[in-house]
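Notes follow the structure.
Chains as they are written, first to last, in this note's numbering: chain U, 97 to 209; chain L, 4 to 118.
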């Protein structure tokens, strides 16, 4: 069945360093890959997404790369700050809005000051 | 634009009791989802509505869970009877109509504790 694997489950970095979270998906029909940030007790918030027709997308300190052949995609956060500390979820879907998202198991990122 | 509204925010019930959650999606959003997020895990889809019709309920435990979206706007999710393993955050999300690639937005969720 459809599955998304996410690694690592926890990640600690020093403030200012980079953080990388990796996901692998199984459904070859997936063409939309959002990343959500979830702070404790709050709703998941979309931080960046990528569609299958591009290989990379960047938004300030956040970037996402996609390798369709290998069916994996990654989130890159540069110059990390304490406020980046949260749980990050990747997801894969056949559509950005009309099909379910299959979520990874999450990565708890801790940025140490 | 108002967000996705959910209520209640928290609910504590005893096992075998029933509970209902309510969701009001963003105005004009045709697609509505209910996700279950167990502590330490990613959200898992329970049911997807397109207007007032069910698109996907393959992972909904239909012996105890039910959901409806009368009139294609608000939705309710019910659990009857609840089990300990139903303790989770229930997230509602909505997205625009087909053809609009804006992704979807989550509500704040209802945290259910079954004791």
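For each residue, glycine too, the CB sits at the ideal point set by N, CA and C.
Buried is the label assigned to residue 146 of chain U, since at least 16 other Cβ atoms lie within 10 Å of its Cβ. Straight through space, the alpha carbons of residue 12 of chain L and residue 75 of chain L are spaced by roughly 23 Å.
Within the model, the alpha-carbon separation for residue 58 of chain L versus residue 33 of chain L is close to 12 Å.
Here the alpha carbons of residue 123 of chain U and residue 193 of chain U stand approximately 17 Å from one another.
No Cβ of chain U is located within less than 8 Å of the beta carbon of residue 93 of chain L.
In this structure, the straight-line span from the alpha carbon of residue 130 of chain U to that of residue 158 of chain U is close to 13 Å. For residue 71 of chain L, the enclosing beta strand (DSSP E) covers residues 68–71. U:138 is the residue among U:174, U:138, U:166 whose C-alpha sits nearest the C-alpha of residue 9 of chain L.
Beta-bridge annotation (DSSP): residue 16 of chain L is paired with L:117.
Taking 7 Å as the upper bound on Cβ-Cβ separation, chain L lies near residues 185, 192, 193, 194, 196, 199 of the segment 178–199 of chain U.
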